[in-house]
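Presented below is the structure to which this report refers.
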Amino acid sequence: MSGAGASRRAFLVRASASAGGALVLSLGAAGCGQGRPATAANRRAGFSPSAWLTITPDDQIFFYLDRVEMGQGTMTSHAALVAEELEVDPARLRVEHAPADRRYDNPAEDLGFQITGGSTSVRTSWQPLRLAGACAREMLVAAAAEKWRAPAGECRAEGGAVVHGPSGRRERYGALAALAARQPVPDRPRLKDPREFRYIGRALPRLDARAKVDGSGVYGIDVKRPGMLSAVVLRAPSLGAKLEGFDAAEARAQPGVVGVVRVSTGVAVVAQSHWRAQRAAALVRARWSPGPLGGLDSDRLRAQYRERARSPAKAVRDDGDAASALARGAKAVEAFYEVPYLAHATMEPMNCTAHVRGRSVEVWAPTQSPGLLREAVRKLTGFDEEAIDVHTTLLGGGFGRRLAQDYAVEAVEVARHFDAPVKVVWSREDDTRHDFYRPLTVNLLRGAVDARGEVSAWLHRIVAQSIVSQVGKDWVAAIAPGGVPQSLKALLGRGASGLYGKNVLTDPSSVEAASDFAYALPNVRVEYAAVEPGVPVGFWRAVGNSENGFVVESFLDELAHAGRQDPYELRRALLAGAPRHRAVLELAARKAGWGSPLPRGSGRGIAQVKSFGSYCAQVVEASVEGGRVKVDRVVCAIDCGLVVNPDIVRAQVEGAVAFGLSAALHQQITFRAGLAAEGNFHQYPLLRMNEMPRVDVHLVDSREPPSGVGEVGLPPVAPALANAIFAATGRRLRSLPLAPALAREAG
Amino acid sequence: MITFHVNGRAHSIDVPADVPLLWVLREELGLTGTKFGCGMALCGACTVHVDDEPVRACVLRVGEVEGRRVTTIEGLAGDAGLHPVQRAWVEESVPQCGYCQSGQIMSTVALLRARPKPTDQDIDAALSANLCRCGTYQRVRRAVHRAAGLLEAEGGGGRAPSAGGGGPK
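Going down the list, the sequences are from chains D and S. Under the working numbering, the very last position in the first sequence is 747; numbers go up by exactly one each time. Under the working numbering, the very last position in the second sequence is 1169; numbers go up by exactly one each time.
Listed below in structure tokens is the structure:
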């Protein structure tokens, strides 16, 4: 769940080709024989058949989780994958976040570095982690066979032990660890048939639940180190403002303050505790001069984007002849759709702890990418990769925000000035105002229906910033093989960025769900105009799917009504050649009782969006009264291939609906004079308990390989809600968020 | 010197009286289960009990708890294991990222003390100021009802209800 978006395949395939390295990992034997966990953090005595496992002689089984736990359940689902093949109860695994290490690179062909995002965790670990478990199992069985001088075929793994069938002898894994470590690593360990699964496919309880209900779970903000200092950074009053100077005499004189230093993000006040630093920071007088973004203003940007949308842009899909079909249509519809900038608003504000010692550094961070973090710190410090030790903590939410490593780099910058660990904790206001936002987009839509009411033409022109053009620089550095010099990485990064920024290469995350929808429409043209106002943008849960899904599914609804067709039946007909799309659509409609009567003032809306390899359809029931909308029920159907843990899939979809409703109803970041006007939760509201609808989640039973989950439940909810509001009121809302627009219209 | 009880233990702390209780708990006493989310009593992540009443520790000055009893998430579990509300949370697999859950649980314990059999409306009233970004609300609601059942089965809500409603003060 989290937001490194969609297919960046094109980008990274090119990037990897340019970098001269074969970065696309073969999954074949990735789970075996990659050597033992090498870093200090994981150097434990025992049997380590791979980078993921250590079995100690005292029978503890350590599992090094290479995808971070930020709520999406990797700790539980990944433990099940490895435990299934290892033949041990997943609850027996001692799960620790893995350190930064290239062996933990995400094998997704469009990623290629150590990252948790893009709803990839189960789909890319599905094979390697089972292989890791199977490999260990076979070595343990071989060890027992050797010990008992019995044929391996007579021995089997079971419940954390190897059992000799004929004699009934039994040995715990721990007792076999030393002998197992001397066995040859199997080339192709046997994976279980899905019919043999004991843990995969079951709603096993979350392994992280206990630590999250008794206060013992350690998030980044909870890190404690001996002698630790705490820092508060005074940040720019407008994005990109330049610090001209500061007067910190009074702050320095406060009790507990140990220093005030300048860093690239502002002025860091460092004290013996956070509250002392915070008090002293209020006394610093800093002088700033506005940078190029000093005049940034959302209204002006929208106007510019609208203007840009009036002239043609680069086609990213061009089927048939949309222009002539539009001219010929019996009925034409034209509309602008807009979505605002959005902040991530993780409940745990940005924070990071760093301890610099000579030319090495330890970092404790709630990061979605230990790999990117290490690369970013290396770029800052020039330290050797091996001298940068990354400890990943629990994450109090990620949603894509923690793919950016700015907060970690900042902590290292501050910590360099001190002979102690330093923790930097951001305020909520700083967290909201110094985010990497979901981009503002303006969309021009033109459609036509013919005399029979069938959709005959579709034009969609997207005006938006490219995320990849901003983050690409860092990614090239992170995926490049170790030997590539920094200067070359920088050059490649700038080159790739420029190509995306100028739309020579199209950023797939800008057009996903718009250029690749499955509806069998005859004349479709999708255009993308890349604009670059310089606003920091980033991956936000479901990325382009969350924006384009709203636009496409709303406008299709408009065309259905223009052609006097039922919005569900129209979709169903247009998905005749797309069986998995159609199956979730039909399932959601059936479970929601599509077509059955609703009270006056209530309406149903439907939408479906495929994202991250999975299929999701939703029906929203909403009621509108006096300018206020109430979401009564959301019925979801999801096909994410084979389900590893159905309860976690349901939880992710329920959560994605809530996340999507926060955005659909309430949220927007509005730039005024170069800074977000919104700071805290009263200005940037999250959905609340009293607004939470009943959410029913229906899973499609599938034997297809697992596909994405964490982000997939989000894209359909905003359009399904807007469509429901239309059904209830006859009012078509084309800009998010919806609640303020409804209230305004009601006067 | 400010003296107060936290989870049954007396503490004397030498900090200015206007430091928020949240940071005293987290930094002076090392009780990091209570979370910082907003600093303005807007999100509920820092909810603790003072004399059994739910309060937002991020805006409560430590001087105001002089001589009073503070309970944090770390103080809920007893010798017999997790508090029934915590157990209900585990059984319903409520937490996702988990960051807000200490606050959700503390608000719920207070709610159930005031209203041992809460309706959905009671739950909305007591918990709508506890924000969850992961969107666990549906499960929180289920867990509150389950916890009410567990508490009833264990003898009428455990402790006597304290005065006032369940909502945060």
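Where a beta carbon is used, it is the ideal one built from N, C-alpha and C, also for glycine. In this text the structure is predicted, and so the values were computed from the model without any measurement.
- By alpha-carbon distance to residue 191(D), the top candidate from 218(D), 284(D), 86(D) is 86(D).
- Under the three-state reduction of DSSP output, residue 544(D) falls in the helix class.
- Residue 1039(S) reaches chain D at 427, 428, 680, counting residues in chain order whose Cβ is nearer than 8 Å.
- Within the segment 458-525 of chain D, the alpha helix (DSSP H) runs of at least 4 residues that lie entirely inside it are, in chain order, 468-479, 486-501, 508-511.
- Beta-carbon to beta-carbon, residue 1036(S) and residue 1025(S) are separated by about 10 Å, too far to satisfy the 8 Å threshold.
- Taking the beta carbon of residue 221(D) as reference, the chain S residues within 8 Å of it are 1032, 1035, 1036, listed in sequence order.
- Contact of residue 654(D) with chain S by beta-carbon distance below 8 Å involves 1135, 1136, 1138, 1139.
- Within the same chain, Cβ atoms closer than 8 Å to the Cβ of residue 395(D) are found at 68, 69, 70, 71, 219, 220, 346, 348, 366, 367, 368, 402, the five residues on either side in sequence being excluded.
- Contact between the segment 259-275 of chain D and the segment 224-234 of chain D is present: 3 or more CB-CB pairs across the two stretches fall below 8 Å.
- In chain order, 518, 575, 608, 610, 615 place their CB closer than 7 Å to the CB of residue 581(D), counting only its own chain and leaving out the 5 sequence neighbours on each side.
- Distance from the Cα of residue 137(D) is smallest, within the candidate group 163(D), 126(D), 117(D), 416(D), for 163(D).
- Contacts between residue 1072(S) and chain D, judged by CB atoms closer than 8 Å, involve 215 in chain order.
- Annotated three-state conformation of residue 262(D) is strand, per DSSP.
- Between residue 1007(S) and residue 1075(S), the CB-CB gap stays under 8 Å.
- Under a 10 Å Cβ-count criterion, residue 312(D) is classified as exposed, with fewer than 16 other Cβ atoms of the shown protein chains found around its own Cβ.
- Within the segment 159-212 of chain D, the runs of beta strand (DSSP E) at least 3 residues long that lie entirely inside it are, in chain order, 161-164, 170-172.
- Per DSSP, the beta bridge partners of residue 1078(S) are 1081(S).
- Neighbourhood of residue 346(D) in chain S, by CB distance below 9 Å: 1097, 1099, 1133, in chain order.
- Counting only the Cα atoms, residue 740(D) lies some 27 Å from residue 293(D).
- Taking a C-beta cut-off of 9 Å against chain D, the contacting residues of the segment 1003-1028 of chain S are 1015, 1016, 1019, 1020, 1022, 1023, 1024, 1026, 1027, 1028, listed in chain order.
- For residue 659(D), the residues of chain S that pass the 8 Å Cβ criterion are 1133, 1134, 1135, in the order they occur in the chain.
- Look at the beta carbons and you see the segment 539-556 of chain D not touching the segment 701-708 of chain D: under three pairs across the two are nearer than 8 Å.
- Residues of chain S whose Cβ lies closer than 7 Å to the Cβ of residue 396(D) are, in chain order, 1097, 1099.
- Assigned with DSSP and collapsed to three states, residue 1089(S) falls in helix.
- For residue 434(D), the three-state secondary structure derived from DSSP is coil.
- Interface criterion not met: the Cβ of residue 545(D) is under 8 Å from no Cβ in chain S.
- By the C-beta density criterion, residue 186(D) is buried, having at least 16 other C-beta atoms within 10 angstroms.
- Against chain S, the CB of residue 224(D) has a partner CB under 8 Å away; the residue lies at that interface.
- Under the 8 Å criterion on CB atoms, residue 1112(S) is classed as non-interfacial with respect to chain D.
- The beta carbon of residue 1019(S) is closer than 6 Å to those of 1062 in its chain, skipping five residues each way along the sequence.
- Around the C-beta of residue 274(D), 16 or more other C-beta atoms lie within 10 Å, and the residue is accordingly described as buried.
- Residue 682(D) counts as exposed, since fewer than 16 other beta carbons sit within 10 angstroms of its beta carbon.
- If the five residues before and after residue 1041(S) are omitted, its C-beta is found closer than 7 Å to the C-beta atoms of 1056, 1058, 1059, all from its own chain and listed in chain order.
- Under the three-state reduction of DSSP, residue 221(D) is assigned to helix.
- In this chain, residue 337(D) is not harboured by any alpha helix (DSSP H); it is covered by the beta strand (DSSP E) spanning 331-339.
- Per DSSP, reduced to three states, the secondary structure at residue 645(D) is coil, with no helix or strand assignment.
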